Each structure stands twice: as C-alpha cells, then as structure tokens.
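Remember, my numbering sits 3 above the position in the sequence shown when you count from 1.
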Amino acid sequence: MTPEERFEAILAADEKVEPRDWMPDAYRKTLIRQIAQHAHSEVIGQQPEGNWITRAPSLRRKAILVAKVQDEAGHGLYLYSAAETLGISRDELQDLLHAGKQKYSSIFNYPTLSWADMGAIGWLVDGAAITNQVMLTRTSYGPYARAMIRICKEESFHQRQGYEIMLTLANGSAEQKAMAQDALDRWWWPSLMMFGPPDAESTHTEQSVKWKIKRETNDQLRQRFVDATVPQAHFLGLTVPDPDLHWDEDSGHWRFGPIDWDEFWEVVKGNGPCNKERLAHKVQAWEDGAWVRDAARAHAAKHADDPMEVSA
Ligand code: FAQ
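Shown next, in the form of structure tokens:
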C-alpha cells in the first residue's frame, strides 16, 4: 500500500489520521490554518468577557466569569498543542496572528456593552461554538478530535451559565429584560455569521468535507443552531431580531432572513468595530509576558540535567 492509499484507507474506515502518518501537504496546511484560527479565537475570545470581570454584579457571578474566561485560555492551549503536532511551533503561530496573516473568529470583534452581553455570549456564542465543535469531535485528525471532546464538555457549561444569566435578566425588572433583549438584538446576527460564508461561497468546505475535517457544511450547522436556539429565545420571552423568521412545517426548520454578508467580510478584513483594539491588546499581552517566557526557558536550561526537574 502506498502512503497515499493508506491515508485514503484511514479516511474511508473513519479512523483517525495521527501525527506519525503520511498526509497530503494540503491536508496538513488546511488543518494548521483551521486549528490555528480556532486557537487564536479562543485566546482573543477572552477579551470581550474579560472586559466585565471587574464589573460583575456579584462575587458569585465574578467567580464564574473568571473561571469561564480561564477555560478559554485552556482551550487555546489544547489547540496550539494540536497544531504543533503538524510541525509548526507556537511561536510561529503567534507571529502569524500578530502580523495579521492568520485569522480569528469574526465574533470577537464586537464590543460588550452591558452585563447582559455576558449572558448573550455564553448562550449564543458558546452555543454556536458547540454546534460546530460537536461536529469536530469526529474530525479526521486525531489530536484535533481529542482536544474537541474536552473543549465541548467545558463549552456546555459555558452555554448554560450564559443562558442562566439571560433567564435571570428576562425574569427580572423591565429594565433588566430590556438589557437582555438589547444583547440578543446585537449578538444574534454576528452569531449566525460565526459559521462562515454560505456553502456556495465557502472556499474550503468541499475539500474539507472530503477529507472529513468538516463533517457538515457551514449552512447545515447554522441551520442546526437556529433550530435549537429559537425555542430557547421564546422560552425567555425575548424576540429574535429577524422579521422573516418563521417555522416551516414542511421542512421542520426555522427559516431565517438574509444575513448581511457585507458586514461579515468587512469584519473579516479587519474593519469590524473592535478588530484593531483586539489585536493590539493581544500583541501587548504577548510583549508584557516576555519575561515569563524568558524565565521559564532560563530555568529549563539551568536544570536540563537535573533528573528531578520536569523539563519546561
Ligand atoms: N471569522 O471556506 P470557509 C469560540 C474565513 S471558538 C473569521 O467556509 P472553513 C469559543 C475562513 O477562514 C470560535 N473568518 O472556511 C469561545 C476562510 O478564509 P481563509 C472559533 C472566517 O475554514 C466562545 C474564508 O472565511 N471556532 O467561539 C469565519 O472551511 C466564547 C472562507 O470560509 C472555530 O474556529 C469567521 N467566523 O470554515 C471562546 C471552529 N468563517 O482561512 C471565547 C473551527 C470563515 O481561507 C468566548 N473552525 N472565515 O483566509 C471551523 O470550523 C471553520 O474554520 C469555519 C470556517 C467553519 C469557521
């Protein structure tokens, strides 16, 4: 069997491709692009919620939010580790992000204007992320699939804590309910955009589905998210900001109105409300943390021969 045939056989048998296996260069490249983009999203995704840690309305809410934001950093770590198994270093990935040569999710370029946004992000953004990531637990590359299993468990908590914030606000005073509605109004459409462009305009979907990196298309996942989320909005007594939204009896789906793809591409190109601020903050944090990396490296070098030391 040639390496190419073995690779195809692994995919056909629904087994996992592992770092030691031969894989086409384009498969490796696609995975590095997607996993890096995903890792960067987790790390930059700490910023919108991090913005509210000091202003959480109670100690309990603050402790939960700190834990959630910290989980996102952990997800970044698992994903950078998965990317490293493909032969690219974490430092290279940071450089590519900081130079604007790799992307992160469009959603994190929107501002968090009120406490209700913590509810909407957990409910909608983590909800959309899980819809995509449950699919990715079955992706064909082993280290990525395994990272996803753990991440999905944590994201489920995140989604529920967000929904619980929304529930509390929606059942609170008229002002609190209005805050919850305003957050839904602002986060609904950007959450639908997270799934990427429509299938007809998606550059990578066809090949990624063939390679079983993606098991479903952007539009399929978007529809699944809408079907799951609309009844949740109704339960909250809130209105989804889409006049065209309606239940389609024949297909058994909630049909939604047109998405503003011009807005999406503007955000992806770097012209969203917070793109510059997010990247500048990320670069600054990397520079501020240089002494920690230097100290860790110096410590590892000094104790390289010490059998009692775990290498850094
Ligand atoms: N934002 O051909 P496709 C989270 C780009 S994690 C920016 O369809 P693909 C957890 C795409 O890269 C959220 N760019 O691409 C959390 C490509 O450009 P390129 C992140 C986007 O890869 C919660 C071009 O458009 N999750 O939220 C976006 O087959 C709360 C054409 O697109 C992941 O990354 C976008 N939304 O499908 C953290 C999941 N969509 O690269 C903190 C893994 C598309 O050729 C707080 N990624 N583009 O220059 C994926 O599943 C896929 O990469 C898709 C896009 C589905 C995102």
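Using N, Cα and C, we set each Cβ at its ideal position, and we do this for glycine too. The structure displayed is predicted, hence computed values, not measured ones.
By Cβ distance, which residues of its chain are closer than 8 Å to residue i, with the 5 residues on each side in sequence left out?
i, result
"Ile91", "Ile35 and Ala39"
"Lys106", "Gln40, His43 and Val271"
"Lys19", "Ile13, Ser143, Tyr144, Gly145 and Ala148"
"Met4", "Ala12"
"Ala293", "none"
Assuming contact is defined by CB atoms lying nearer than 7 Å, are residue i and residue j in contact in what I supplied?
i, j, result
"Thr134", "Arg227", "yes"
"Ala173", "Ala119", "no"
"Phe267", "Met169", "no"
"His161", "Asp129", "yes"
"Gln50", "Val72", "no"
"Ala186", "Ala131", "no"
"Trp190", "Leu127", "yes"
"Gln164", "Gly199", "no"
"Asp251", "Asp222", "no"
Apply the 10 Å Cβ neighbour rule to residue i and answer buried if 16 or more other Cβ atoms are within range, or exposed otherwise.
i, result
"Ser108", "buried"
"Lys285", "buried"
"Leu96", "buried"
"Glu158", "buried"
"Pro6", "exposed"
"Trp264", "exposed"
"Ser194", "buried"
"Met121", "buried"
"Glu178", "exposed"
"Thr232", "buried"
"Glu204", "exposed"
When the Cα atoms are used, what is the spatial distance from residue i to residue j?
i, j, result
"Ala102", "Arg281", "13 Å"
"Met26", "Ser44", "26 Å"
"Leu116", "Thr220", "32 Å"
"Thr208", "Lys217", "7 Å"
"Lys180", "Arg225", "26 Å"
"Asp309", "Asp291", "30 Å"
"Ser176", "Pro244", "21 Å"
"Glu21", "Tyr30", "12 Å"
"Gln235", "Leu68", "22 Å"
"Ala299", "Ala307", "12 Å"
"Leu89", "Gly255", "41 Å"
"Asn112", "Asn54", "13 Å"
"Leu239", "Leu248", "17 Å"
"Pro261", "Ala304", "57 Å"
"Tyr83", "Gln136", "16 Å"
"Arg9", "Leu100", "34 Å"
"Thr171", "Lys156", "23 Å"
"Leu241", "Ser61", "24 Å"
"Gln210", "Ala288", "36 Å"
"Tyr166", "His302", "44 Å"
"Arg63", "Ala70", "11 Å"
"Thr33", "Val212", "12 Å"
"Lys279", "Met311", "45 Å"
"Gly273", "Asp28", "28 Å"
"Ala16", "Arg23", "18 Å"
Can you find a C-beta in chain D that's less than 7 Å from the C-beta of residue i?
i, result
"Ala59", "The structure shown has no chain D; it contains just one protein chain."
So, for residue i: in the same chain, excluding its five sequence neighbours on each side, which residues have a beta-carbon less than 6 Å away from its beta-carbon?
i, result
"Pro114", "Pro276 and Cys277"
"Glu75", "Glu45, Gly48 and Gln49"
"Tyr81", "Ala150"
"Leu139", "Met151"
"Lys215", "Leu14 and Ser143"
"Ile110", "Val128, Pro193 and Met197"
"Ala315", "Residue placement at Ala315 cannot be trusted, given a pLDDT of 48 that sits under 50; the coordinates are not used to answer."
"Phe259", "Val229, Asp245 and Leu248"
Tell me which residues share the same chain as residue i and place their Cβ nearer than 7 Å to its Cβ, disregarding the 5 neighbours each side in the sequence.
i, result
"Ala86", "Ile35, Ile38, Ala39, Ala42 and Leu96"
"Asp230", "His256 and Trp257"
"Lys65", "Ile56 and Ala59"
"Arg296", "none"
"Ile154", "His78, Tyr81 and Gln136"
"Arg93", "Tyr83 and Glu87"
On the DSSP bridge assignment, give the partners of residue i in chain order.
i, result
"Tyr144", "Val20"
"Arg258", "His249"
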